[in-house]
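In full-length UniProt numbering, the protein residues as written are 1 to 85.
Pasting the structure below:
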């Protein structure tokens with residue numbers, strides 16, 4: 001199972017975006033958040049974007065998802081494993 005990582009407090013769109021760039025998260029991978037962090041992120045995006053957006057959220061090809069098993073304030077990286085290769 002993937003490790004859960006603390007990337008900063010508060011967890012924000014900017015901190016997730018920076019983590020994707022800094023750690024070279026691959027297109028097709030996913031970042032999983034606690035549902036409370038996910039809801040907070042959705043509110044942040046709605047407030048700053050002022051426009052509609054689609055769920056699931058896609059940040060530079062990386063999907064942002066939610067799951068109860070992820071601890072509040074942490075993220076979990078799920079690698080896109082191509083089983084056909």
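From the three backbone atoms N, C-alpha and C, an ideal C-beta is built for every residue, glycine too.
- Here residue 75 is not near residue 57, since their CB atoms are 9 Å or more apart.
- Here DSSP, grouped into helix, strand and coil, assigns residue 30 to strand.
- Taking the CA atoms as reference points, residue 80 sits about 11 Å from residue 31.
- Cβ neighbours of residue 12 within its own chain (closer than 8 Å, five residues either side excluded): 41 and 44.
- Looking from the CA of residue 72, the closest CA among 48, 38 and 17 belongs to 38.
- A Cβ-Cβ separation of about 6 Å places residue 77 in contact with residue 2 under the 8 Å criterion.
- Here the alpha carbon of residue 15 sits roughly 7 Å from the alpha carbon of residue 8.
- Looking at the DSSP output, residue 58 shares a beta bridge with 63.
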